[in-house]
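>
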Amino acid sequence: MMQTNQLFLIFCSVLLLLGLVAFFVARRKATQVRSSGIAMYSQPDQYAWFAVIATAGPAIVLSAVGAFVMLLIGAEIPTFSLLLVSLVLAAVGLAVGMLLVRSNFHARQAIERTIRWILASAAAISILTTLGILISIIGEALNFFQMHSFWDFITGTTWAPGNSFLAAAGRGDGSGAQFGSVPLFAGTFMITAIALSVAVPIGLLSAIYMGEYAPSKVRAVAKPMLEILAGIPTVVYGFFAAITVAPFIVRVAETVGVSASFNNALAPGIVMGIMIIPFISSLSDDVINAVPDSMRQGSLALGMTKGETIRDVVIPAALPGIISAALLGMSRALGETMIVVMAAGMRPNLTINPLEEMTTVTVRIVAAMTGDLEFESAETLSAFALGLVLFVVTLSLNLVSVLMIRRFREKYRVNNL
Amino acid sequence: MSDSFDQISQQLKRRHRKSARLKYFSMGALGLAAMFLLIFFADMLNKGLPAFKQAMVNVEVNYSEEASRSGRAAIDRDLSSIVSRSVVRVIPLEMRNDPSLLGTTQTRWVLASAEVDQYLKGNRARRLDADDMARIDSLVASGQIEMRFNSGFFSRGDSKMAELAGIMSAVVGTVMTMIVTLAIAFPIGVMTAIYLEEFAPDNRLTQLIEININNLAAIPSILFGLLGLAIFINFFGVPRSSPLVGGMTLALMTLPVIIISTRTALRSVPESIRHAAFGVGCSRWQVVKDHVLPLAMPGIMTGSIIGLAQAMGETAPLIIVGMVAFIPDVTASFTEAATVMPAQVFTWSGEPDRAFVEKTAGGILVLLAVLISLNASAVLLRKKFERRW
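For the record, the sequence lines run as chains A and B. Residue numbers for the first sequence follow the numbering used here, so the first one is 1 and each next one is one higher. Residue numbers for the second sequence follow the numbering used here, so the first one is 1001 and each next one is one higher.
Here it is, written out as structure tokens:
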């Protein structure tokens, strides 16, 4: 390992040296050619930069591709020879770069093309990320579905990973393990529903107030205030839910005469709702502002009150955008992890009583990943199966949301949404 | 039209009342959000501020022969339940390092145990009996126990002993992780945005990339953790729990934020600037590098700071890649196990000890202070350099 590090350091410094040589020699040559009276297509500096690109570019690409291939196929290419070949390539590139310092070569356009390629490959990384998520999750999820049937996973009502870790370690056959995800999804949707029933009314009404009533001074204070809500880390919300809100709910429930678990679903649900308020209010606010004023004036001119105008004209017009905001909020709530990890329970529980303990998909993912389990054990792999379902659900919610907002945008020809 | 004038005016009154109700409801909703924010901050300050104070006790340390074997012997037996175990434990080591200490006595201020600290802050201290409490009270009265500023909270790493636990190792871990995140996400994000805004032809591929970026921004963060685990750790062999793998994972999450804000910043630079540059013979890259990018820079920086603040508060993906490690020593390394501030908060919140609730809230206050000042600086940056064309 130490040797690899040293080799890499030597490689980098030689490459840097070659690059510097390329820059200065090429520039000198170009200056000489130009001062001898021959007109050139590009500036000396551009020839110099082209020489640098010709020297370093292929060498870096070759060594990176080599390293990647080494990891991918596990092919044994000795690091030393790989770096050596790269350096030879750099020397060849240097020679080519020097040869091309001549009057009829468009150095500037060559640089332009190279930069366009570099930028395009940077843009491709976002695609690679999505692909990476898909491949990693689908790959491991498939491993899981080879051990346990997909149908049982989707329809089973018992989540009991039990001693599946023993099976992975070669002891026991793991037959007692059951991976029925229904209680997890029930818990997730329950908490999401609580969150949305807090966030949608408050967020929407706040947006209505800010868009239709508030004087600009109030707006200037209220908007950053809601942004602060969005900026609080989820782990902080989780602590707040677990330490302050959950005991409060238990106490209130006791005075009313019902029993509530300290890990009840209500506390994370409410706090998650507060977390989502800014997402809903800011998008709804934008949409409400984008509803053309002529519609309001038309309604007011017909003698409707301001409230009636908002309820019967503005809101229906803005509805696609509002639904889109709610769907985005929902996708946030489904994937939210820290609040439920800290405040919701660990025990899968199929119930509709929000005061009982229940668990969610993300909680199980974290639990499977933080235990001292073998990576190949069914429980660890089940996290990827859960992740896959989560990915599909949130992705479709986002797509529907995007389509809704696009419809709104086309209807009212708004460009800044 | 049989409605009389009175009926109509009554109806009108009702309609206006209804209209006013909507206004008050909507105002109330905003008020509710504000009230929550107030309750939240009050609660955090109330729970977290005591963490910045720590009980110290003035004791006589007697470096006797016996103390070199067991540190307990160096301290008055009555005080042994009051002084932190961490102090007692290092006494033999001190004596080994400096043999001249043998036979001397020193009077100095040392950490009191977390129980004493909690008792003095008015919380329940289960392990103290009535004798201990009486002794503590008399020591406080004689000025031998004092509440002092808890500088150790900002200079030490994590510990299982609440009085010794500090946030420094998490701060260092956060800095290292953020360096990795920014080093990856900033260049790639800005380059992607430049490509999409200035270079890309409007074809299917470009649209695919655009949709993809918007979707990435909305994917639950925990899935990025699964990606980091499966690809970075299992496939590329990046060391688990290290700032390197944490930073790489967070970089992928921050990328869409930086891309989207950079595109907005680039779009706000007027076309006339580009036309003018093209007009004097610049190539496309020269236009971007020398004219558009410098003008868009404040917007890009603002977006990057906001993205950075978001990444800094993120916990879930880091748990998946193992960055919730117990790190007692403050070390700055990219490849060794480390923890970050939100992960430290998470670890502390799981400790059963009452004293750790205070530590957790204290850690949260530090985290919130950093995040709020980052966001405030982004807003200031925008205000200062924003240009309206």
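Backbone N, C-alpha and C define an ideal beta-carbon position, used for all residues, glycine too. Note that the structure is a prediction, hence the values are computed from the model and not measured.
Contact criterion: CB-CB distance below 8 Å. Does V101 of chain A meet it with respect to chain B?
Mapped onto the first sequence, residue 101 of chain A falls at position 101. No, its Cβ sits nowhere closer than 8 Å to a Cβ of chain B.
> Can you tell which of B:G1173, B:G1122, B:P1317 has its C-alpha closest to the C-alpha of K1047 of chain B?
As a working note, residue 1047 of chain B is residue 47 in the second sequence. If we check each option's Cα against that of K1047 of chain B, B:G1122 comes out closest.
> Between which two residues does the beta strand (DSSP E) holding Q1106 of chain B run?
Translated into the one-based positions of the second sequence, residue 1106 of chain B becomes position 106. Its beta strand (DSSP E) spans residues 1105-1111.
> Alpha helix (DSSP H) containing V245 of chain A: first to last residue?
Here residue 245 of chain A corresponds to residue number 245 of the first sequence, with the count starting at 1. Element bounds for V245 of chain A: n/a, residue is neither H nor E.
> Does D1043 of chain B have its Cβ less than 8 Å from a Cβ in chain A?
Position 43 of the second sequence, counted from the first residue, corresponds to residue 1043 of chain B. At least one chain A Cβ lies under 8 Å of D1043 of chain B.
> Would you list the residues sitting across from Q1054 of chain B in a DSSP beta bridge?
For the purposes of this step, residue 1054 of chain B is identified with residue 54 of the second sequence, where counting begins at 1. For Q1054 of chain B, which the question treats as bridged, DSSP gives the partners B:R1148.
> Roughly how many angstroms separate the alpha carbons of Q1010 of chain B and G303 of chain A, rounded to a whole number?
Counting from one through the second sequence, the residue named residue 1010 of chain B turns up at place 10. Counting from one through the first sequence, the residue named residue 303 of chain A turns up at place 303. Approximately 15 Å between the Cα atoms of the pair.
> In whole angstroms, what separates the C-alpha of F1199 of chain B from that of L334 of chain A?
Here residue 1199 of chain B is taken as the residue at index 199 of the second sequence, counted from 1. Here residue 334 of chain A is taken as the residue at index 334 of the first sequence, counted from 1. Straight-line Cα distance between these residues: approximately 37 Å.
> Give me, in chain order, the residues of the same chain whose beta-carbon lies closer than 6 Å to that of N1062 of chain B; leave out the 5 immediate sequence neighbours on both sides.
Taking the first residue of the second sequence as 1, we reach residue 1062 of chain B at position 62. If we look at N1062 of chain B and ignore the five residues flanking it on each side, its Cβ neighbours are A1074, T1105.
> Does DSSP put F1235 of chain B in a helix, a strand or coil?
For the purposes of this step, residue 1235 of chain B is taken as the residue at position 235 of the second sequence. Of the three classes helix, strand and coil, the one that applies to F1235 of chain B here is coil, per DSSP.
> Would you mind stating whether A90 of chain A and A59 of chain A have Cβ atoms separated by less than 8 Å?
Taking the first residue of the first sequence as 1, we reach residue 90 of chain A at position 90. Taking the first residue of the first sequence as 1, we reach residue 59 of chain A at position 59. For A90 of chain A and A59 of chain A, yes; Cβs fall inside 8 Å.
> Restricting to Cα atoms, I'd like to know which of B:P1220, B:A1165, B:L1030, B:A1125 is closest to T1254 of chain B.
The sequence position of residue 1254 of chain B within the second sequence is 254, counting from 1. Ranking the options by Cα distance to T1254 of chain B, first place goes to B:P1220.
> Which partner residues of T1339 of chain B appear in the DSSP bridge assignment?
One-based indexing of the second sequence puts residue 1339 of chain B at position 339. Paired residues: B:V1324.
> Identify, in the order they occur along the chain, each residue of the same chain with its Cβ nearer than 6 Å to the Cβ of A1185 of chain B, setting aside the five sequence neighbours on each side.
Indexing the second sequence from 1 puts residue 1185 of chain B at position 185. Same-chain partners within the cutoff: A1251, T1254, L1255, I1258.
> Near K1023 of chain B, what residues of its chain come up, given a Cβ to Cβ distance below 7 Å and the 5 sequence neighbours on each side ignored?
As a position in the second sequence, residue 1023 of chain B is number 23, starting the count at 1. Hits under 7 Å: none found.
> What does DSSP give as the partner residues of E357 of chain A in its beta bridges?
As a first step, residue 357 of chain A must be located in the first sequence, where it is residue number 357. Partner(s): A:N264.
> Only counting runs of 3 or more residues, tell me where the beta strand (DSSP E) segments fall wholly within the segment 1074-1133 of chain B, in order along the chain.
Whole beta strand (DSSP E) segments, 3+ residues: 1105-1111.
> Run down chain B in chain order and give the residues with a C-beta less than 9 Å from the C-beta of I194 of chain A.
Against the first sequence, residue 194 of chain A aligns to sequence position 194. Under the 9 Å cutoff, chain B gives no residues; its nearest Cβ is about 15 Å from I194 of chain A.
> Among B:N1214, B:D1202, B:G1246, B:T1206, which one has its Cα closest to the Cα of I1222 of chain B?
Taking the second sequence and counting its residues from 1, one reaches residue 1222 of chain B at position 222. When each option's Cα is compared against that of I1222 of chain B, the closest is B:G1246.
> Pick out the complete alpha helix (DSSP H) segments inside the segment 298-347 of chain A, 4 residues or longer, and give them in chain order.
With a minimum length of 4 residues, the continuous alpha helix (DSSP H) runs that stay inside the segment 298-347 of chain A are 306-309, 315-335, 338-343.
> Taking C-beta pairs closer than 9 Å, name the residues in chain A that P1342 of chain B reaches, listed in chain order.
Counting from one through the second sequence, the residue named residue 1342 of chain B turns up at place 342. In chain order: P233, T234, V235, V236, M338.
> Where do the N-terminal and C-terminal ends of the alpha helix (DSSP H) with M1301 of chain B fall, by residue?
By 1-based counting over the second sequence, the position of residue 1301 of chain B is 301. Taken as a continuous stretch (DSSP letters only), the alpha helix (DSSP H) holding M1301 of chain B covers 1293-1312.
> For L142 of chain A, which of A:E410, A:K217, A:A385 has the nearest alpha-carbon?
On the first sequence, position 142 is the one that residue 142 of chain A refers to. For the residues A:E410, A:K217, A:A385, the minimum Cα distance to L142 of chain A belongs to A:A385.
> Go ahead and label E254 of chain A buried or exposed: buried means 16 or more other beta carbons lie within 10 angstroms of its beta carbon, across all protein chains shown.
Against the first sequence, residue 254 of chain A aligns to sequence position 254. Exposed: under 16 other Cβ atoms inside 10 Å.
> Please work out which residues of its chain come closer than 7 Å, Cβ to Cβ, to A1337 of chain B, disregarding the five sequence neighbours upstream and downstream, and give them in chain order.
Here residue 1337 of chain B is taken as the residue at index 337 of the second sequence, counted from 1. Here the set comprises S1241, S1242, A1325, I1327.
> Since L1295 of chain B and I1320 of chain B should fall inside the 8 Å C-beta cutoff, what is the C-beta to C-beta distance between them, to a whole number of angstroms?
Within the second sequence, numbered from 1, the residue matching residue 1295 of chain B stands at position 295. Within the second sequence, numbered from 1, the residue matching residue 1320 of chain B stands at position 320. That belief does not hold up - the Cβ atoms of L1295 of chain B and I1320 of chain B are roughly 40 Å apart, past 8 Å.
> Can you have a look at Q1007 of chain B and say buried or exposed, based on whether 16 or more other CB atoms are within 10 angstroms of its CB?
Translated into the one-based positions of the second sequence, residue 1007 of chain B becomes position 7. Exposed: under 16 other Cβ atoms inside 10 Å.
> Could one say the Cβ of M1248 of chain B lies closer than 8 Å to chain A's Cβ atoms, at least one of them?
Position 248 of the second sequence, counted from the start, is the residue given in the question as residue 1248 of chain B. Cβ-Cβ to chain A under 8 Å: no for M1248 of chain B.
> Are the segment 311-329 of chain A and the segment 233-240 of chain A touching by the rule of at least three beta carbon pairs closer than 8 Å?
No, the segment 311-329 of chain A is not in contact with the segment 233-240 of chain A.
> A160 of chain A by DSSP, collapsed to three states: which one?
Counting from 1 along the first sequence, the entry for residue 160 of chain A is found at position 160. Strand, per DSSP.
> Rounded to whole angstroms, how far is the Cβ of T1335 of chain B from the Cβ of L1244 of chain B, which I believe are closer than 8 Å?
Start at 1 with the first residue of the second sequence, and residue 1335 of chain B comes out as number 335. Start at 1 with the first residue of the second sequence, and residue 1244 of chain B comes out as number 244. Right, the Cβ-Cβ distance comes to about 6 Å (below 8 Å), so this counts as a contact.
> From the DSSP output, in three-state form, read off F279 of chain A for me.
The count along the first sequence starts at 1 and reaches residue 279 of chain A at position 279. In this structure, F279 of chain A counts as helix in the three-state DSSP scheme.
> Using a C-beta to C-beta distance shorter than 8 Å, which residues of chain B count as neighbours of M225 of chain A?
For the purposes of this step, residue 225 of chain A is identified with residue 225 of the first sequence, where counting begins at 1. The answer, in chain order, is A1033, A1034, L1037.
> When we look at the beta-carbon of W151 of chain A and count the other beta-carbons within 10 Å, is it buried (16 or more) or exposed?
Residue mapping note: residue 151 of chain A aligns to position 151 of the first sequence, counting from 1. The residue in question, W151 of chain A, is exposed, as its Cβ has fewer than 16 Cβ neighbours within 10 Å.
> Determine, for I1300 of chain B, whether the minimum Cβ-Cβ distance to residues of chain A falls below 8 Å.
To locate residue 1300 of chain B, count along the second sequence from 1; it is residue 300. So no, I1300 of chain B is outside the interface.
> May I have the straight-line CA-CA distance separating M210 of chain A from M1191 of chain B, to the nearest angstrom?
Within the first sequence, numbered from 1, the residue matching residue 210 of chain A stands at position 210. Within the second sequence, numbered from 1, the residue matching residue 1191 of chain B stands at position 191. M210 of chain A and M1191 of chain B: Cα-Cα distance of roughly 36 Å.
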